[in-house]
Structures are given as C-alpha cells and as structure tokens.
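So the structure is just underneath, and the comments pick up after that.
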Amino acid sequence: MITDARVLRTGFVPREVEHRDAEVTHLTEILKPLIDGDPADTTLLLGPSGAGKTCLAKYTAEQLRQEVLDVEYQYVNCWQNFTEYRALYRLLDGLGTTVDIHRQSTPRDELYERLRNYDGPPCVVILDEADQLEDKSLLYHLHELPQFSMLLIANRERELFASADERLTSRLTGSERVRFDRYSADELVSIMDARVKWGLEEGVISQDQLATIADAAAGDARVALSILRTAARQAHQNYADEIADEAIETSMPEARAERHEKDVETLTPHQRTLYEIIEEHEEISPSDLYEEYKERIDDPKTDRTVRNYLSKMDQYDVIEAAGASRNRTYRSVSETFGNLEER
DNA sequence: GCTCCACGGGAAGGATAGGCTT
DNA sequence: AAGCCTATCCTTCCCGTGGAGC
Numbered sequence: 004m005i006t007d008a009r010v011l012r013t014g015f016v017p018r019e020v021e022h023r024d025a026e027v028t029h030l031t032e033i034l035k036p037l038i039d040g041d042p043a044d045t046t047l048l049l050g051p052s053g054a055g056k057t058c059l060a061k062y063t064a065e066q067l068r069q070e071v072l073d074v075e076y077q078y079v080n081c082w083q084n085f086t087e088y089r090a091l092y093r094l095l096d097g098l099g100t101t102v103d104i105h106r107q108s109t110p111r112d113e114l115y116e117r118l119r120n121y122d123g124p125p126c127v128v129i130l131d132e133a134d135q136l137e138d139k140s141l142l143y144h145l146h147e148l149p150q151f152s153m154l155l156i157a158n159r160e161r162e163l164f165a166s167a168d169e170r171l172t173s174r175l176t177g178s179e180r181v182r183f184d185r186y187s188a189d190e191l192v193s194i195m196d197a198r199v200k201w202g203l204e205e206g207v208i209s210q211d212q213l214a215t216i217a218d219a220a221a222g223d224a225r226v227a228l229s230i231l232r233t234a235a236r237q238a239h240q241n242y243a244d245e246i247a248d249e250a251i252e253t254s255m256p257e258a259r260a261e262r263h264e265k266d267v268e269t270l271t272p273h274q275r276t277l278y279e280i281i282e283e284h285e286e287i288s289p290s291d292l293y294e295e296y297k298e299r300i301d302d303p304k305t306d307r308t309v310r311n312y313l314s315k316m317d318q319y320d321v322i323e324a325a326g327a328s329r330n331r332t333y334r335s336v337s338e339t340f341g342n343l344e345e346r
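Sequential numbering from 4 applies to the first sequence in my numbering.
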C-alpha cells in the first residue's frame with residue numbers, strides 16, 4: 004500500500020513544484036542578487052493557508068543552494084517559536100552557532116551579536132507564520148543585516164503589520180511581494196496525483212476519489228494531503244489493497260481536526276476549563292464564561308488573565324471570538340468547521 | 001450625551017531556570 | 001554547595017478606548 008511515507012507528510016518538499024511557475028520565477032528573480040553574493044530584498048509571501056507558500060519558499064531556497072554553493076537557508080516556524088527570543092534562538096541554532104549558548108540567561112544582545120558576527124555564506128531566512136511573532140523586533144534587526152535575506156510568510160499583510168511599529172512598517176512597505184491564491188480543485192488533484200505516484204502503490208486510489216478529496220479541501224493543499232495521508236494509513240493498517248470511499252469519508256473530519264486537537268492538548272488546566280465551558284455552551288458571553296470558570300476552578304485567575312488566555316486560544320483557532328465590545332461572544336470552532344476559508 | 005461592558009496595552013512584581021562566582 | 005545574577009515568562013493591576021443601548 005504505502006511505498007514511501009515521506010512524500011505524504013506535511014513538511015515534504017517535492018522535487019518539482021506544480022502550478023506555481025509564475026511564483027517560482029518571481030521569487031527566483033528576487034533572490035538572484037545572492038548569486039553574486041549581494042543581499043536580496045526582504046520579501047513577503049502572502050496568501051491563504053495551504054496555498055503553497057511554505058513549500059515554495061523552501062523549494063526555491065533549496066534550488067538556489069544547489070545552483071550556488073555559497074548560499075545557506077534557514078527555516079523558522081514562528082507559530083512554534085512565537086517569542087522574539089525563541090525565534091532568534093531557533094535561527095542561531097540552525098546556523099550552528101549555539102554550541103556554547105545555553106538556552107536561558109544568555110542576554111538577547113549576545114544572540115544578536117552572534118547574528119551580526121555571522122560570517123558564513125549569505126543566508127536566506129524563511130520566517131513562516133511571521134504574523135505570529137509577538138514582538139517584531141527580530142524582523143527589524145534582521146532587516147538591518149546584509150548577510151541575511153528574509154522571506155516572510157503570512158496570510159495577510161494586515162496581520163503581519165498589526166503589531167509592527169512605524170519604523171518597521173515603513174521599511175517593509177517597500178519590500179517585494181509574492182501573492183498566492185487558493186489552488187483549484189484540478190490543481191489539487193494533480194498535486195495529490197504526483198505524491199500518490201511516489202508514495203503509494205499503483206491503483207490504490209482512483210481519480211474520482213482524489214477529486215472528492217480536492218472538493219473537501221476547498222483549495223487547501225495541506226488539508227488535501229492530510230486527508231489523503233489519513234485514508235492511506237487507515238487502509239494500510241487494515242491490509243486493504245485499495246482505499247475505500249468510506250475511508251476517505253471518515254478521514255475528512257479527522258484530518259481537519261488534526262491540528263485543532265494538537266493545539267487543545269497543549270492547553271493548561273485553566274485554559275482547558277475555559278475550552279470545555281465554551282464547548283458545552285457552544286456560544287457564551289464573556290461575563291457568563293468568567294462566572295462559570297470561577298465556579299469550576301479552585302483558585303481562579305483574574306479576568307484580565309482569562310482575557311489573555313482567550314485571545315491566545317482565539318489566535319490558535321481553538322475557540323472563536325466573535326463580535327466586538329458589548330456583543331462579543333466566544334464559541335466553539337467545531338460549529339463553524341465547514342469554512343476554514345478565512346485565516 | 002451617559003453608562004456599562006469588554007478589550008487589550010503597558011508596567012510591575014513574582015516564579016523559574018540556568019550560568020557564574022565564591 | 002550556596003548564593004548571586006540575569007534573563008524570560010506569567011500574572012496582576014491600572015487604565016484608556018470604543019461600541020451598544022438607554
């Protein structure tokens with residue numbers, strides 16, 4: 004059934020990127036100065052999730068590295084490393100200059116000093132989900148350093164600039180942009196098809212089935228591949244020769260919820276209580292939510308702290324905050340699952 | 001208008017953790 | 001081994017802002 008599990012994984016970068024020729028050309032053009040050892044402009048990659056931003060960034064950087072020996076690239080996911088310190092550490096770690104740095108108690112300035120003194124080959128820094136960075140100073144500092152060329156990945160420009168101060172904004176407004184649209188159903192099918200050829204035995208899944216998955220994924224390649232992977236894994240465990248339609252059906256909600264569940268697991272007991280209350284009510288006003296929270300838990304946190312939790316959980320899509328000011332309500336996301344469009 | 005409610009920024013202080021010095 | 005130092009992270013307190021409803 005499964006011949007190569009790697010190609011179905013989310014982080015996999017294929018040998019050829021499909022349906023993104025224009026974007027690849029554009030990005031390659033932007034990075035061209037690196038071939039002569041000159042810095043490239045900071046570039047924003049914008050578009051909805053699953054549109055191929057991350058994949059294409061890695062792909063183009065890798066291509067460049069193979070063409071020009073003297074170029075490095077580093078990938079940092081800012082969703083996972085959302086503080087300035089962690090993202091910075093992650094970057095230095097990738098560059099191999101953290102050998103003698105021991106996690107904490109090394110001043111931030113010291114880390115920046117290392118970055119400044121970096122004398123390796125020019126480096127392309129891919130900051131994925133850059134809008135998730137709480138503090139954008141890292142972007143500012145990196146922008147100043149000629150050894151580093153930044154690729155910033157975000158859904159929307161507005162979100163990226165939301166918490167940026169003026170000097171950063173003015174610096175970034177002039178930068179290059181590569182925009183991504185959602186994939187069409189046909190494109191998704193051919194993307195999956197390519198992976199199926201590499202990763203699965205012949206004839207385990209039909210074109211019709213791929214089309215069904217593509218439909219359900221609504222233009223999001225990550226979701227499509229996740230459904231495909233889940234269905235294939237299921238068939239594999241059942242020693243089936245081919246993937247059944249039912250397997251695809253059951254994989255859909257599972258694949259969509261995959262990320263969601265992973266996020267729920269990381270919640271603290273306090274946050275989890277909030278989450279459960281919201282799940283039970285499906286929709287609840289802030290004051291009711293807080294009252295109920297206070298009843299359920301022994302030493303409740305202050306309302307301000309709870310607000311911090313809630314906004315974080317909203318960002319992580321664990322819950323949804325709807326409406327502003329007086330008519331704000333919190334609701335469970337499973338209610339609105341059908342459309343993952345926005346965000 | 002005014003009031004209520006909720007949001008979220010910022011400052012301050014505590015907890016925590018690791019390195020360095022003695 | 002103990003104590004000091006310095007960093008982040010979390011929580012709380014204070015407060016300005018802004019929309020909804022009267």
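Heads up, the beta-carbon is just placed ideally off N, CA and C, and yes, glycines get one too.
Exercise for the section: Indicate the three-state DSSP secondary structure (helix, strand or coil) for Cys81 in the structure shown. Expected result: coil
Handout entry: Cβ pair Ile216, Ile194 closer than 7 Å
Key = Not closer than 7 Å, so no.
Exercise for the section: Specify the secondary structure class of Ala234 as computed by DSSP and reduced to three states. Expected result: helix
Handout entry: Inter-residue spacing [alpha-carbon to alpha-carbon] between Leu142 and Glu87
Key = 9 Å
Handout entry: Cα-Cα separation, Arg198 to Lys139
Key = 36 Å
Exercise for the section: Work out the CA separation of Gly14 and Gly53 for me, nearest whole Å. Expected result: 12 Å
Exercise for the section: Locate the alpha helix (DSSP H) running through Ile33, then write down its first and last residues. Expected result: 24-34
Handout entry: Nonlocal neighbours in the same chain, by C-beta distance under 6 Å from Asp317, ignoring five residues either side
Key = Ala324
Practice task
Pair every Cβ in the stretch 171-182 with every Cβ in the stretch 68-75, then say whether three or more of these pairs are closer than 8 Å.
Solution key: no
Exercise for the section: Count the C-beta pairs between the stretch 308-322 and the stretch 257-271 that are closer than 8 Å, then say yes if the count reaches three, no if not. Expected result: Short answer: they touch.
Exercise for the section: Quickly, what does DSSP pair Met153 with across the bridge? List them, please. Expected result: Val128
Exercise for the section: Could you pull out every residue in the same chain whose Cβ sits closer than 6 Å to the Cβ of Trp82, ignoring the five residues on either side in sequence? Expected result: Glu132, Gln135
Practice task
Give the straight-line distance between the Cα atoms of Lys56 and Leu48, rounded to the nearest whole angstrom.
Solution key: 6 Å
Problem - Beta-carbon proximity of Ile287 to Tyr242, cut-off 7 Å - result: no
Handout entry: Segments assigned alpha helix (DSSP H), at least 4 residues, entirely inside the stretch 153-234
Key = 160-164, 169-175, 188-202, 210-220
Problem - Reduced DSSP category for Thr305 - H, G, I as helix; E, B as strand; rest coil - result: DSSP places Thr305 in coil when its eight states are reduced to three.
Exercise for the section: Could you pull out every residue in the same chain whose Cβ sits closer than 8 Å to the Cβ of Tyr293, ignoring the five residues on either side in sequence? Expected result: Asp306, Val309
Problem - Nearest residue (CA-CA) to Glu19, options Trp201, Ser328, Thr253, Gly326 - result: Considering only alpha carbons, the answer is Trp201.
Practice task
Evaluate Ser152 with the Cβ neighbour count: other Cβ atoms within 10 Å of its Cβ, from every protein chain shown; 16 or more gives buried, anything less gives exposed.
Solution key: buried
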